[in-house]
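Chains A and B, in that order, give the protein sequences. Sequential numbering of the first sequence, starting at 9, is according to the numbering used here. Sequential numbering of the second sequence, starting at 9, is according to the numbering used here. Note that beta-carbon positions come from the ideal geometry of N, C-alpha and C, so glycine has one too.
Number of protein chains: 2
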Amino acid sequence: MNPSDQLIAYIQKLNPLAEGDREQILEKFKFRKVKKNEFLLREGEVCNFNLFILKGSLRMYMVSPQGQELIRYFAFENKFGTDLTSLISGSPSNEYIQAIEKTELFQISKSDFLGLVDSIPAINRVYRNMLEQAYVTSQKRIYNFQGKTALEKLNWLLEYSPGILARIPSKMIASYLGITPFTLSRLKAEL
Amino acid sequence: MNPSDQLIAYIQKLNPLAEGDREQILEKFKFRKVKKNEFLLREGEVCNFNLFILKGSLRMYMVSPQGQELIRYFAFENKFGTDLTSLISGSPSNEYIQAIEKTELFQISKSDFLGLVDSIPAINRVYRNMLEQAYVTSQKRIYNFQGKTALEKLNWLLEYSPGILARIPSKMIASYLGITPFTLSRLKAEL
DNA sequence: CAAATACCTTGCGCTATGGCAAGCGTTTAG
DNA sequence: CTAAACGCTTGCCATAGCGCAAGGTATTTG
Numbered sequence: 009m010n011p012s013d014q015l016i017a018y019i020q021k022l023n024p025l026a027e028g029d030r031e032q033i034l035e036k037f038k039f040r041k042v043k044k045n046e047f048l049l050r051e052g053e054v055c056n057f058n059l060f061i062l063k064g065s066l067r068m069y070m071v072s073p074q075g076q077e078l079i080r081y082f083a084f085e086n087k088f089g090t091d092l093t094s095l096i097s098g099s100p101s102n103e104y105i106q107a108i109e110k111t112e113l114f115q116i117s118k119s120d121f122l123g124l125v126d127s128i129p130a131i132n133r134v135y136r137n138m139l140e141q142a143y144v145t146s147q148k149r150i151y152n153f154q155g156k157t158a159l160e161k162l163n164w165l166l167e168y169s170p171g172i173l174a175r176i177p178s179k180m181i182a183s184y185l186g187i188t189p190f191t192l193s194r195l196k197a198e199l
Numbered sequence: 009m010n011p012s013d014q015l016i017a018y019i020q021k022l023n024p025l026a027e028g029d030r031e032q033i034l035e036k037f038k039f040r041k042v043k044k045n046e047f048l049l050r051e052g053e054v055c056n057f058n059l060f061i062l063k064g065s066l067r068m069y070m071v072s073p074q075g076q077e078l079i080r081y082f083a084f085e086n087k088f089g090t091d092l093t094s095l096i097s098g099s100p101s102n103e104y105i106q107a108i109e110k111t112e113l114f115q116i117s118k119s120d121f122l123g124l125v126d127s128i129p130a131i132n133r134v135y136r137n138m139l140e141q142a143y144v145t146s147q148k149r150i151y152n153f154q155g156k157t158a159l160e161k162l163n164w165l166l167e168y169s170p171g172i173l174a175r176i177p178s179k180m181i182a183s184y185l186g187i188t189p190f191t192l193s194r195l196k197a198e199l
C-alpha cells in the first residue's frame with residue numbers, strides 16, 4: 009500500500025470522508041524519511057507538528073535530572089504521535105522524540121493540523137480519538153504498573169504488544185518498564 | 009463564600025462569563041452533601057456526571073484482580089472530578105469514586121454538562137482545561153514514579169501537595185504511591 | 001573487512017521493600 | 001460508655017531488584 013492510501017485508510021476507519029477531503033488532507037501531510045536514531049524533537053523545543061507513522065517506530069522519552077532516560081511511549085506504524093502536552097500548551101517540550109528504526113512518516117504542522125480539525129469532521133474525530141487514547145493509555149499504564157513486580161509489568165507489555173522484545177532494544181524496554189536492563193535480561197532468561 | 013459563588017469564581021478564573029451565563033450554569037449544578045466513605049460511583053456503573061468539589065475530598069481508585077485498591081487520584085476542594093474514561097466513552101467504569109471526608113459538592117449530569125460546553129464558551133474552556141489537566145497530571149505521575157524509590161515518590165507528593173499526610177489516611181497515601189502502608193510508616197518515622 | 005563501539009548476559013554482594021505477627025492508640029457503633 | 005473494629009507502628013525475616021564488574025556477542029562505521 010502506498011503512503012497516501014495508508015493514511016486515508018486509517019482516517020476512514022474512524023469516520024468516512026466527504027468528496028474532496030482526500031486531496032485537502034494529503035496536501036498538508038508531508039512525507040518524510042528519518043534515519044535510525046534521528047531526533048524529531050528535543051527537550052526545550054516547542055512541538056509544533058503531528059506525526060503519522062507509516063513504517064518503523066519512534067520513542068518518546070524524557071531525561072530525568074539524574075540523567076536517566078524514561079520512555080513514555082513507543083509509536084509504531086499506523087499511529088499518530090506527538091508531544092501532546094507541548095502541542096496543546098505551546099510551551100517547550102520536556103521530551104525527546106527519536107526514531108528507533110529507519111522510519112517513514114507523514115508530518116503535518118500544528119497549524120495545518122488544527123485547520124483540518126476545524127474544517128474536516130473526519131479529522132476532528134481523529135484528533136478527539138488521539139486525545140482520548142492518550143489519556144486512556146496513560147491511565148492503563150499507571151494502573152498496570154502500580155505496585156507490580158518487574159515480571160508482571162513485562163507480562164503485561166508482552167500481552168498487549170507481543171513481538172516487541174524482538175523489535176526494540178532491551179535497554180529501551182527496560183526503561184519503559186521502569187526496571188534496569190539487568191533485571192530485564194534475567195527475566196527474559198526465565199520466560 | 010457560598011457554594012454558588014465558589015463555583016462561579018472558579019469558572020471566571022479561566023474565562024469571563026457573559027450576561028446571563030451565571031443563572032444558566034447554576035440551574036444545572038445540583039448541590040449535594042455526601043457522607044464520609046459514601047460512594048459516588050462504583051465499578052461497572054457508567055459515569056454520567058461531573059463533580060465540582062466545594063469542601064472535603066474524594067478518591068478515585070480501581071480494585072486489582074488480586075483485590076488490591078489502587079488509588080489514581082485525590083480530588084480536593086475547587087477541583088472537578090469524574091471518571092473521564094467512562095464519561096467520554098459511555099462504557100462502564102473500572103473505578104470507584106468515594107468520599108474520603110464529609111464532602112459538599114456540585115453534581116451535574118453528563119448531558120447538562122455537555123450542553124453547557126456547547127452553549128457557554130467559559131464552560132467549554134473549563135472542559136478543555138479538565139481534559140488537558142487530566143492528561144498532563146497522568147503524564148507527570150508516570151514520569152515522577154518511573155524507577156523512583158519510595159522516598160522519592162513520597163517527597164514528590166509532599167512537595168506538590170503538602171499537608172496531605174495530615175489529612176488523608178496513610179493507608180490511602182501508600183496505595184496512591186504504590187507502596188505498602190508498612191513502608192510508608194517507616195519513611196514517615198524518618199522524615 | 002576490521003576495529004571500535006554499543007549491547008546483552010551473568011555472577012556477586014547489598015539494600016530497599018514486602019510479608020507477617022504483635023502491640024498500641026483511636027475511632028466507630030451499639 | 002464500652003466493646004469491637006480499624007488503622008498505625010515496629011520488629012524480624014525473606015526476597016526482588018539494583019549496582020558494579022567482567023566477558024561475550026552483535027552492530028556500526030570507516
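Simplified DSSP state of residue i, which is helix, strand or coil
i: SER101 (chain B); result: coil
i: ILE61 (chain A); result: strand
i: MET9 (chain A); result: coil
i: ARG30 (chain B); result: helix
i: ARG67 (chain A); result: strand
i: GLU35 (chain B); result: helix
i: GLU77 (chain A); result: strand
i: LYS44 (chain B); result: coil
i: GLY89 (chain B); result: strand
i: SER117 (chain B); result: strand
i: GLU198 (chain B); result: helix
i: LEU25 (chain B); result: coil
i: GLU109 (chain A); result: coil
7 Å Cβ cut-off: residues of chain B touching residue i
i: GLU160 (chain A); result: Here the premise fails: no neighbours, minimum Cβ distance about 10 Å.
Proximal chain A residues relative to residue i, where beta-carbon distance stays under 9 Å
i: TYR151 (chain B); result: MET70, SER72, LEU78, ARG80, ASN102
i: TYR143 (chain B); result: LEU92, THR93, ILE96, LEU139, ALA142, TYR143, SER146
Chain-ordered chain A contacts of residue i [CB-CB under 7 Å]
i: GLN154 (chain B); result: LEU78, GLY186
Closer than 7 Å: residue i CB and nearest the ligand GTP heavy atom
i: LEU162 (chain B); result: In the structure on display, the ligand GTP does not appear, and there are no ligands present to speak of.
Notebook entry, point to check: For the 8 Å Cβ check, are there 3 or more pairs between the segment 89-106 of chain B and the segment 27-37 of chain B?
Noted result: no
Next item on the list: Name, going along the chain, the residues of the segment 168-187 of chain A whose beta-carbon falls closer than 7 Å to a beta-carbon of chain B.
Entry: GLY186
Item checked: Interface residues of the segment 101-132 of chain B facing chain A [CB-CB below 7 Å] -> none
Margin query: Pairs of beta-carbons, one from the segment 177-187 of chain A and one from the segment 15-22 of chain B, closer than 8 Å: are there three or more?
Written below: no
Next item on the list: Would you check if the segment 119-139 of chain B and the segment 32-42 of chain B touch, i.e. whether three or more CB-CB distances between them fall below 8 Å?
Entry: yes
Check: If you pair each beta-carbon of the segment 128-138 of chain B with each one of the segment 73-91 of chain A, do three or more pairs fall below 8 Å?
Finding: no
Next item on the list: State whether the segment 142-150 of chain A contacts the segment 50-64 of chain A, with contact taken as three or more CB pairs (one from each stretch) at a distance under 8 Å.
Entry: no
Margin query: Across the segment 155-172 of chain B and the segment 109-119 of chain A, are there enough close Cβ pairs to call them in contact, namely three or more that are closer than 8 Å?
Written below: no
Margin query: Pairs of beta-carbons, one from the segment 172-180 of chain B and one from the segment 189-196 of chain B, closer than 8 Å: are there three or more?
Written below: yes
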